[in-house]
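Everything on this sheet refers to the single structure shown next.
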Amino acid sequence: MSLLRFDGVSKQYPGGHQALAEVNFAVEPGEMLFVTGHSGAGKSTLLKLIQLAERPNRGAVLFDERNLHNVRGRKVALHRRDVGVVYQNHQLLTDRTIFENVALPLILRGMPRAEIGKRVRSQLERLGLGGREKSLPSQLSAGEQQRVGIARALIGEPRMLVADEPTGNLDPTLSAEIMELFASLPQRGTSVLVASHDLNLVKRMKKRVLVLNHGQLVDDISPEDLADE
Ligand code: ADP
Ligand code: ADP
1 MSLLRFDGVS KQYPGGHQAL AEVNFAVEPG EMLFVTGHSG AGKSTLLKLI
51 QLAERPNRGA VLFDERNLHN VRGRKVALHR RDVGVVYQNH QLLTDRTIFE
101 NVALPLILRG MPRAEIGKRV RSQLERLGLG GREKSLPSQL SAGEQQRVGI
151 ARALIGEPRM LVADEPTGNL DPTLSAEIME LFASLPQRGT SVLVASHDLN
201 LVKRMKKRVL VLNHGQLVDD ISPEDLADE
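In terms of this note's numbering, the sequence shown is residues 1 to 229.
Encoded structure:
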């Protein structure tokens, strides 16, 4: 059973921009894949449809075999718990500590303090951020800040993690490190979908790659195809 399925999905923004055209693909639980393509190809739109930040004009997005068309109102917030989001510029709260930034999603859902403390410390440890709990984001390097953003996205144990150009502000070495970190996550059962315009970086990861071109899914490259290159 697929975790995510795009079934003939088209998205046209008001004003006429066709961002996605008849897109079909499926993602299995625990699968890691990239989506790549030029600026304006439709990558962000694809991720927004998964988070219910946008709705398709045609076709269906299914999550856990459920048509997201029927997820409305208060159910939207519940769906978003299943989808962790990592942003290009991490969007950390600058006046809050690393601990508080990562704890926030759990505080919002009313988890007991002691449980939050345990979970946040273990998540930070796992991402190589142990001992940084009391620091402010500005005291961390760019790569560490992005790892905090990833910790925050993972803390609620989402079924899927989506990241939009997560290495957009990082140098090539740090970018490779962050991509390796994403690649290690599916071992924990979380599906991971990373959007990046950097095709060379993406290809080196030897994972499945969806290629968008002007809103059309023009290629779906398997890891086996990349192994020969
Ligand atoms: P990418 O992430 O690959 O750069 P986007 O999904 O952001 O691509 O954009 C796809 C196309 O849709 C582009 O032509 C873009 O200008 C257009 N677009 C994106 N968001 C909006 C919006 N809110 N309103 C109108 N057009 C949009
Ligand atoms: P990206 O390429 O990473 O998607 P953009 O700079 O294209 O980033 O888009 C930034 C924001 O502006 C997004 O929220 C997108 O939906 C919106 N946007 C993009 N293109 C348009 C457009 N033509 N009209 C209105 N909003 C747009």
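From the three backbone atoms N, C-alpha and C, an ideal C-beta is built for every residue, glycine too.
Item                                                                                                                : Value
Leucine 108 classed as buried or exposed, judged by whether at least 16 other C-beta atoms fall within 10 angstroms : exposed
Cβ neighbour criterion (16 or more within 10 Å) applied to methionine 94                                            : For the sequence presented, residue 94 should be read as threonine rather than methionine. Exposed, because fewer than 16 other Cβ atoms sit within 10 Å of the Cβ of threonine 94.
Residues that phenylalanine 6 bridges to, as DSSP identifies them                                                   : Phe25, Val61
Glycine 117 Cβ short of 7 Å to ligand 1 heavy atom set                                                              : no
Among Glu125, Leu49, Lys43, the one whose alpha carbon lies nearest that of arginine 152                            : Glu125
Within 8 Å, strictly: CB atoms of glutamine 146 and histidine 90                                                    : yes
Own chain, CB closer than 6 Å to isoleucine 221, minus 5 neighbours either side, in chain order                     : Val209
Uninterrupted beta strand (DSSP E) stretches inside the segment 65–144 (no shorter than 3 residues)                 : 83–86
Any 3 or more C-beta pairs closer than 8 Å across the segment 162–171 and the segment 117–134                       : no
Span separating the alpha-carbon of serine 2 from that of proline 112                                               : 33 Å
Proximal residues to valine 27 (C-beta, below 7 Å), its chain only, five neighbours per side dropped                : Ser2, Leu3, Leu4, Leu33, Ser191, Leu193
Member of Phe6, Asn200, Met205 whose CA lies at the smallest distance from the CA of phenylalanine 182              : Met205
Closest residue to phenylalanine 25 among Ala53, Leu62, Gln51 (Cα-Cα distance)                                      : Leu62
Cβ-based neighbour list, leucine 201, same chain, cut-off 8 Å, excluding 5 preceding and 5 following                : Thr167, Pro172, Ser175, Ala176, Met179
For leucine 212 and alanine 41, believed in contact at Cβ under 8 Å, the rounded distance                           : 4 Å
Any non-hydrogen atom of ligand 1 within 7 Å of serine 39 CB                                                        : yes
heavy atom of ligand 1 below 7 Å from histidine 17 C-beta                                                           : yes
Residue from Ala163, Phe99, Leu49, Thr36 whose Cα sits closest to the Cα of valine 9                                : Leu49
Start-to-end residues for the beta strand (DSSP E) that takes in phenylalanine 195                                  : Looking at the sequence shown, residue 195 is not phenylalanine but alanine. Here the beta strand (DSSP E) through alanine 195 covers 191–195.
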